[in-house]
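S.K.:
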Amino acid sequence: MTAADVPAPARAARLAGYGPSLAVIGPFILLGLRCALWRSHVFLRGDLALIDLSVRNAGRLHQVLGPYDRFGWHHPGPVYFYLVASVARVVGGGLQAQAVGAALLNGLSVGGVVFVVGRLAGRRAAVGAGALLAAAVAVLGPVVMINPWNPYVVVLPVLLVGVLSVGAACGVTTCWAAAALVGTFVVQTDVGTLPVVAAALVLSGASWLIWKPQRTALTKAPAAVVLLVLAVALWVPPLVQQLTGSPGNLGQIVSFMTAGHPRAGLPAAVRALGSAQLNVVGLSSGGAVGLLLPVALGSTGVVWGTRRRSLFAAAAGALCLLSVVVSIAAAAAVVGPVYRYLIEWSVALPLLGAVGVITAAGTDQPAGESSSRAGRPMTAVPWVALAVGVLALVGRMLSLPSFGTYSAPEVAAAWDLVRPALAVRPHERVEVDAVDPAGWAVAAGLCDEIDRTATGFVVPSQWGFQYGSDRVGSAATVVYLRAPAPPPGEPGQLLGRAGPVSVWLAHQAGGPTGVS
Numbered sequence: 008m009t010a011a012d013v014p015a016p017a018r019a020a021r022l023a024g025y026g027p028s029l030a031v032i033g034p035f036i037l038l039g040l041r042c043a044l045w046r047s048h049v050f051l052r053g054d055l056a057l058i059d060l061s062v063r064n065a066g067r068l069h070q071v072l073g074p075y076d077r078f079g080w081h082h083p084g085p086v087y088f089y090l091v092a093s094v095a096r097v098v099g100g101g102l103q104a105q106a107v108g109a110a111l112l113n114g115l116s117v118g119g120v121v122f123v124v125g126r127l128a129g130r131r132a133a134v135g136a137g138a139l140l141a142a143a144v145a146v147l148g149p150v151v152m153i154n155p156w157n158p159y160v161v162v163l164p165v166l167l168v169g170v171l172s173v174g175a176a177c178g179v180t181t182c183w184a185a186a187a188l189v190g191t192f193v194v195q196t197d198v199g200t201l202p203v204v205a206a207a208l209v210l211s212g213a214s215w216l217i218w219k220p221q222r223t224a225l226t227k228a229p230a231a232v233v234l235l236v237l238a239v240a241l242w243v244p245p246l247v248q249q250l251t252g253s254p255g256n257l258g259q260i261v262s263f264m265t266a267g268h269p270r271a272g273l274p275a276a277v278r279a280l281g282s283a284q285l286n287v288v289g290l291s292s293g294g295a296v297g298l299l300l301p302v303a304l305g306s307t308g309v310v311w312g313t314r315r316r317s318l319f320a321a322a323a324g325a326l327c328l329l330s331v332v333v334s335i336a337a338a339a340a341v342v343g344p345v346y347r348y349l350i351e352w353s354v355a356l357p358l359l360g361a362v363g364v365i366t367a368a369g370t371d372q373p374a375g376e377s378s379s380r381a382g383r384p385m386t387a388v389p390w391v392a393l394a395v396g397v398l399a400l401v402g403r404m405l406s407l408p409s410f411g412t413y414s415a416p417e418v419a420a421a422w423d424l425v426r427p428a429l430a431v432r433p434h435e436r437v438e439v440d441a442v443d444p445a446g447w448a449v450a451a452g453l454c455d456e457i458d459r460t461a462t463g464f465v466v467p468s469q470w471g472f473q474y475g476s477d478r479v480g481s482a483a484t485v486v487y488l489r490a491p492a493p494p495p496g497e498p499g500q501l502l503g504r505a506g507p508v509s510v511w512l513a514h515q516a517g518g519p520t521g522v523s
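Just so you know, we're using the numbering used here here: the sequence shown kicks off at 8 and counts up by one.
See below:
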C-alpha cells in the first residue's frame, strides 16, 4: 500500500473537507470567548497559581523552564507558558488566560486531527472523525476542554502528534515536521509523554524511509523546513539553561530518570492505564480490562485498513498498538504511585485507534470498488452524526460552572489578611514561607496575588523547586503560613486563619538578600 492508493479529492471536495474541521473547532472558540468575558477576579491556589506566575514571567521574557515537578526538577521547556502569555496580552492574566489558552489549544488539536484525516483519507472519514471526537470530548468533559494544568492540557495534542505521525507514514513529509513541532510542545509541557511521542516520530520516520511512499499533495519542502527549524528553536531556552544553570534542568531530569528509584511496576501500570482508557466511554474505573479498548480498536484498524487498502487506517491502528506497549513501559517506570494525572495523556490512545477504525469505514475508495462508486455523494447519516456530536459538545460546554466556582476562598482570606500589612511598605519585597506543607497551595496563591500587584516576593530555598531559583532569597517582612499555630513565645503577629493554615507576619533584621 502507498499513499497513492488514497485518491486525491477534487478541489471542490477538498475545500468542502474544511467543514468538519471547522465544525469541531467552533465550540472551543465559543468556550474561549465565554471564558474571556468573565471579568471577576479568580483567586488561584496550588498548581494553577504557580502556572499563573510562570505565565507572567513568560510575559516578561524571563521564563526558560516548564512546570515544576514534585521531585525537584522542572519539565523541559516553557512553550506552554509563552502560548498562554500571548493570550494573556489580549484577555488579561489569571484563570481567564489559562482557560482560553487551554480551550484554543484543545480546539486546534481536534480540528487539526480532523483536517489531516480529511486531506489524506477523504471527506467521509473527516466527517466521521469529527463526529467521533466531538462526542468523545463531550464525554471526557472539562479535563480536555479548559483544564489548564499541564498533565491535562497535553491530552488532545498527544492525539494530534499521533495522527500527524500517521500522515508522515503515508508519505507526507510536512506531517512529520508538524508532528515534531507539536511533539516539542507536548514533551516540554509534560516530560512523561516523551516515550509515546518518541515512538510515534521514530515509527513514522522509519516507515517513510523504508517504504518510501509516494508523496502526496500536502508535502511541501519549504513548509517542512520551517516547521522543523521552529521545533529546534523551541529547544534553545532549555538548552541554554542546561549550559548556564547550576544545576542544569535537563541534566537533573536525566539523573532522576536513570537513578535507582523504586518504580511502580507492571501490575500497577496496567491497572492505572486500563482505568484511564475507560474514561473515553464514560467509565471512571475498570482496571486492566480497560486496556482491551485501545488494543481492540488498534487491531481493528490494522485489519480493516489493510483489507480496504487504507494505509492511513492501518498505520493508525499499528501506532495505537505500539503506543499501548510503550505506555505500559512508561507507566511501569513511574517513581512512586501511578497517580491518575501522571498518565492522563494515555486517554489519547483509544481515540487514535478509533480514528483509524473510522478512517477505514469512511475511506472514499475501498478495495474492489470502482471509482464511480467512490465518487457518489455522501449520505446524510455522517453529517447527522457530526451535528449530534457537535451539539452534545456544545451542551456539555454550556453546563460547565461559572469561573466564580473555581476561586479559592482560603487564598482570598490570606490576601485580605496580608494586603493591609504590605500596603505600609508597598515597594519592599516580602518573603512567603509555607512552614507547614499543608499550606503550600495557599502560599502559591498568596505569592501570585503579591506578584500581580507588582510587589516582589521571595521564598526560602526549600521552595525554590516550585518557584525557580530566581525567586529564592530573604526579606525583612516575612509571611508565615502555619498549620497549626506556632508555639507560644515565637516572634510574629497572628493575622488570622485562612483555610487550613494560620497566617503570621514577622519582621526580621536586615534587608532582602539573594535576589537582585
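A virtual CB, placed ideally from N, CA and C, is assigned to each residue, including glycine.
When burial is assigned at 16 or more other CB atoms within 10 Å of the CB, is Val332 buried or exposed?
M.R.: When all chains shown are included, Val332 counts as exposed.
S.K.: Beta carbon of Ala3, beta carbon of Leu166: below 7 Å?
M.R.: Past the boundaries of the shown model lies residue 3; the chain is included only from 8 to 523, so the question cannot be answered.
S.K.: Report all residues from its chain with a CB closer than 7 Å to the CB of Val161; omit the five preceding and five following residues, and keep chain order.
M.R.: Contacts found: Val193, Thr196, Asp197, Thr200, Trp352.
S.K.: Helix, strand or coil, according to DSSP, for Ala23 in the structure here?
M.R.: Caution is warranted here: a pLDDT of 49 is assigned to Ala23, below 50, making its placement in the model unreliable, and the coordinate value is therefore given only provisionally. Note: Ala23 maps to helix in three-state DSSP.
S.K.: Would you mind reading off the limits of the alpha helix (DSSP H) that contains Glu435?
M.R.: That residue, Glu435, is in no alpha helix (DSSP H); it is neither H nor E in DSSP.
S.K.: I believe Ser172 touches Ala184 by the beta-carbon criterion, under 8 Å. Please report the beta-carbon distance rounded to the nearest angstrom.
M.R.: Not really, about 11 Å apart at Cβ, beyond 8 Å.
S.K.: With 16 other CB atoms within 10 Å as the buried threshold, where does His81 fall?
M.R.: Burial call: buried.
S.K.: Taking C-alpha atoms, which residue in Leu280, Val302, His48, Thr366 lies nearest to Tyr348?
M.R.: For the residues Leu280, Val302, His48, Thr366, the minimum Cα distance to Tyr348 belongs to Leu280.
S.K.: Which two residues bound the contiguous beta strand (DSSP E) that contains Gln500?
M.R.: Start and end: 500-505.
S.K.: Could you say if the segment 37-47 and the segment 436-451 meet the contact criterion of at least three C-beta pairs nearer than 8 Å?
M.R.: They do not touch, by the three-pair rule.
S.K.: Classify Pro27: buried if its beta carbon has 16 or more other beta carbons within 10 angstroms, exposed otherwise.
M.R.: It is buried - the Cβ of Pro27 has at least 16 other Cβ atoms within 10 Å.
S.K.: Mapping DSSP to helix, strand and coil, what is Phe464?
M.R.: Correct three-state label for Phe464: strand.
S.K.: State whether the segment 59-68 contacts the segment 111-130, with contact taken as three or more CB pairs (one from each stretch) at a distance under 8 Å.
M.R.: In short, these stretches do not touch, since the Cβ pair count stays below three.
S.K.: Could you tell me the distance, in whole angstroms, from the CA atom of Ala213 to the CA atom of Ala176?
M.R.: Cα to Cα, Ala213 sits roughly 8 Å from Ala176.
S.K.: Taking DSSP as the reference, what is the three-state secondary structure of His514?
M.R.: Looking at His514 - three-state DSSP - the assignment turns out to be strand.
S.K.: Is the separation between the beta-carbon of Ala502 and that of Leu512 shorter than 7 Å?
M.R.: The residue asked about is misnamed: residue 502 is Leu in this sequence, not Ala. Contact flag set, yes.
S.K.: Which of the three DSSP states is assigned to Ser379 in this structure?
M.R.: Caution applies to Ser379, whose pLDDT of 42 falls short of 50 and renders its modelled position unreliable; the model cannot decide the point.
S.K.: Helix, strand or coil: which one does DSSP assign to Ser509?
M.R.: Strand.
S.K.: Does the contact criterion of 3 or more C-beta pairs under 8 Å hold for the segment 387-397 versus the segment 141-154?
M.R.: Touching, per the Cβ criterion.
S.K.: Would you identify the three-state DSSP class for Asp76, choosing helix, strand or coil?
M.R.: Reduced to three states, the DSSP call for Asp76 is coil.
S.K.: If you draw a straight line from the alpha carbon of Ala322 to that of Pro83, how long is it in whole angstroms?
M.R.: So the alpha carbons of these two residues sit roughly 29 Å apart.
S.K.: Report the residue from Gly324, Met152, Tyr75 whose alpha carbon sits nearest the alpha carbon of Leu358.
M.R.: Looking at the Cα atoms, Gly324 is the closest of the given residues.
S.K.: Suppose you measure from the CA of Val485 to the CA of His514; what does that come to, to the nearest Å?
M.R.: So the alpha carbons of these two residues sit roughly 6 Å apart.
S.K.: For Val362 and Ala136, what's the separation of their Cα atoms in angstroms?
M.R.: Distance between the alpha carbons of Val362 and Ala136 is about 6 Å.
S.K.: Please list, in chain order, all residues of the same chain as Phe50 whose beta carbon is under 8 Å from its beta carbon, the five residues on each side excluded.
M.R.: Answer for Phe50: Ser414, Ala415, Pro416, Val418, Ala419, Trp422, Gly452, Glu456, listed in chain order.
S.K.: Under the assumption that Ile350 contacts Ala283 (Cβ atoms under 8 Å), give the Cβ distance between them as a whole number of angstroms.
M.R.: Contact holds; Cβ gap of about 6 Å.
S.K.: Determine, using beta carbons only, whether Val168 and Gly190 come nearer to each other than 7 Å.
M.R.: The answer is yes: Cβ separation under 7 Å.
S.K.: Per DSSP, what kind of secondary structure is Arg67 in: helix, strand or coil?
M.R.: Looking at Arg67 - three-state DSSP - the assignment turns out to be coil, as it is neither helix nor strand.
S.K.: Note the first and the last residue of the continuous beta strand (DSSP E) segment covering Thr484.
M.R.: Counting along the chain, the beta strand (DSSP E) containing Thr484 begins and ends at 484-489.
S.K.: According to the Cβ coordinates, are Val123 and Gly174 closer than 7 Å?
M.R.: Yes, the Cβ-Cβ distance between Val123 and Gly174 is below 7 Å.
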